[in-house]
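Novice: Sharing a structure, written as structure tokens. Questions coming.
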Amino acid sequence: MRLVAAAFLLAAIAGCAEAPPKPKALAPTEMVTVVPGPTGHVGAVVVRARDGERVLDQAFVAHRVKSDGSTETVAVTRESVHAIFAETVNALPGRPATFTLYFLEGKDEFTPASKAELDKVFGELRRRPAPDILVIGHTDTVGTLAFNDKLSLARADRVRDMLVGLGMDRERIQSAGRGKRELLVPTDDNVAEPRNRRVEISVR
Amino acid sequence: MRKSLFAVAAFIAALPAFASTDVGVVKVSQGPVQIEREGRSVPATVGMAVRASDTLRTGANGSAGVTFADNSLVSVGPNTVFTIDKYRFDSTTHAGEFEGSLKKGKLAAVSGKMVKQTPESMKIRTPSSVMAVRGTEFVVSVEDAPAP
Chain A
22 MRLVAAAFLL AAIAGCAEAP PKPKALAPTE MVTVVPGPTG HVGAVVVRAR
72 DGERVLDQAF VAHRVKSDGS TETVAVTRES VHAIFAETVN ALPGRPATFT
122 LYFLEGKDEF TPASKAELDK VFGELRRRPA PDILVIGHTD TVGTLAFNDK
172 LSLARADRVR DMLVGLGMDR ERIQSAGRGK RELLVPTDDN VAEPRNRRVE
222 ISVR
Chain B
4 MRKSLFAVAA FIAALPAFAS TDVGVVKVSQ GPVQIEREGR SVPATVGMAV
54 RASDTLRTGA NGSAGVTFAD NSLVSVGPNT VFTIDKYRFD STTHAGEFEG
104 SLKKGKLAAV SGKMVKQTPE SMKIRTPSSV MAVRGTEFVV SVEDAPAP
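Keeping their order, the protein sequence lines are chains A and B.
Mapping the first sequence onto the numbering used here, position 195 (from 1) lands on 216, and the numbers just tick up by one.
Mapping the second sequence onto the numbering used here, position 109 (from 1) lands on 112, and the numbers just tick up by one.
Okay, structure coming up:
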């Protein structure tokens, strides 16, 4: 309401200076800010517009576009961001939970510790609305990239079949193979490392 | 009997069956939320798959949250119009691109594996700007200016 009054006032002032006053369409107001994650990590967003580029890399420093098109980058309070975005942030889906499982050497069977981890997967599934699973296979660095891509996907597919056998709906499980791209224990190429031969189960 | 069979069929239909064109799943839907696809508009229900070029539209008390294939999370608040312009993700290499447009309303996002692999591969457009995401969590609003 006060803004409307101010707009009229501005129009009136403008009218005095240069007649006749033209009604000007007001652009939408915009705001963007990065916010800390659950662990306190703060990332960065680059805002590109006609008047240049700004890197926002501090929590609660907002870039604003006002209705006259002018912009400002200002510190805002956590409370003011919360007041504007509470409903929106509350609608964010639960963060994906990841479980890592290992096979007994040369066998199609999980290690005892991994069997316990599998119970946690089922617990996590029960907690989520419309849960789905991504099974991601990883290998060590023995062999070529293409060979390991194939091997890791085959391993993920096998775990997918095991989960289906345990009662999971096949439609809700996808598999992926990352090959040797994401080593848990960094090694040189062509190094056998059991801890890198693993399967991740991401419940989302 | 017929009724229970129907219930089972409805339950199966509601499960998120992945099609190759699906890019994410609705995990949260509160109040009025519609998904517009190919000129049609359907209420967004939890478990429903979303696709590239879908538009999420919420009413006065509506909000919704989507988990995408690369684990990026996007939620929209009340009175929001958000379109998924592009979405592509390779689950082996983690290469991809995610472009969305916030025409009006509010959005919160947590970037996923794609941005971790390639910073700025996720972009959110507003009427005036493009936000290139380096990570991880951010909020954006676009509100109509008061009528002059």
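In this text, a Cβ means the ideal position worked out from N, Cα and C, and glycines have one as well.
I'd like to confirm the pairing. Which residues does DSSP put opposite A:Asp190 in its beta bridges?
Specialist: Note: A:Asp190 sits in no beta bridge, so no partner.
Novice: Spell out whether any CB of chain B is found under 8 Å from the CB atom of A:Ser91.
Specialist: No, because no Cβ of chain B sits closer than 8 Å to the Cβ of A:Ser91.
Novice: Check the Cβ-Cβ distances between A:Leu113 and every residue of chain B, and say whether any is below 8 Å.
Specialist: Cβ-Cβ to chain B under 8 Å: yes for A:Leu113.
Novice: Taking 8 Å as the limit between beta carbons, can you name the residues of its chain near A:Val95, skipping five residues before and five after?
Specialist: Around A:Val95: Val82, Ala83 and Arg85.
Novice: Can you tell which of A:Tyr123, A:Glu74, A:Ser101 and A:Gly64 has the C-alpha that lies nearest to the C-alpha of A:Ile222?
Specialist: Comparing Cα-Cα distances from A:Ile222 to each of A:Tyr123, A:Glu74, A:Ser101 and A:Gly64, the minimum goes to A:Tyr123.
Novice: Would you call the CB atoms of B:Gly68 and A:Pro114 closer than 8 Å?
Specialist: Taking 8 Å as the Cβ cut-off, B:Gly68 and A:Pro114 qualify as a contacting pair.
Novice: Tell me where the beta strand (DSSP E) around B:Ala135 begins and ends.
Specialist: Note, B:Ala135: beta strand (DSSP E), Ser132 to Gly138.
Novice: Name the DSSP bridge partner or partners of B:Ser114?
Specialist: Paired residue(s): none; B:Ser114 is not in a bridge.
Novice: Hey, is the region 205 to 214 of chain A in contact with the region 124 to 144 of chain A, meaning 3+ C-beta pairs nearer than 8 Å?
Specialist: No contact exists between the region 205 to 214 of chain A and the region 124 to 144 of chain A.
Novice: Under a three-way DSSP split, which group does A:Leu21 fall into?
Specialist: The shown model of chain A, from 22 to 225, leaves out residue 21 of chain A, and the question about it has no answer.
Novice: Under 9 Å, CB to CB, which of the residues in the region 128 to 151 of chain B have a partner in chain A?
Specialist: The residues in question are Thr129, Pro130, Ser131, Ser132, Val133, Met134, Ala135, Val136, Arg137, Gly138, Thr139, Glu140, Phe141, Val142, Val143, Ser144, Val145, Glu146, Asp147, Ala148, Pro149, Ala150 and Pro151.
Novice: Under a three-way DSSP split, which group does B:Met4 fall into?
Specialist: Per-residue confidence for B:Met4 stands at a pLDDT of 40, beneath the threshold of 50, marking its modelled position as unreliable; no derived number is given.
Novice: Name the chain A residues that come within less than 7 Å of B:Gln37, Cβ to Cβ?
Specialist: Those within 7 Å of B:Gln37 in chain A number zero; the least Cβ separation is about 15 Å.
Novice: Name the chain A residues whose beta carbon is nearer than 7 Å to that of B:Ala111?
Specialist: Ordered by position in chain A, the residues that pass the 7 Å Cβ test against B:Ala111 are Phe106, Thr109, Val110 and Leu113.
Novice: Any beta-carbon of chain A closer than 8 Å to the one on B:Pro46?
Specialist: Chain A, which has no Cβ nearer than 8 Å to the Cβ of B:Pro46, makes this no.
Novice: With 16 other CB atoms within 10 Å as the buried threshold, where does A:Arg191 fall?
Specialist: By the neighbour-count rule (16 or more Cβ atoms within 10 Å), A:Arg191 is not buried but exposed.
Novice: Identify whether A:Thr92 lies in helix, strand or coil by the three-state DSSP scheme.
Specialist: In the structure shown, A:Thr92 sits in a strand (DSSP, three-state: E or B).
Novice: Does the contact criterion of 3 or more C-beta pairs under 8 Å hold for the region 191 to 204 of chain A versus the region 163 to 179 of chain A?
Specialist: These segments touch.
Novice: Looking at the secondary structure, which residues open and close the alpha helix (DSSP H) in which A:Lys136 lies?
Specialist: That run of the alpha helix (DSSP H) goes Pro133 to Arg148.
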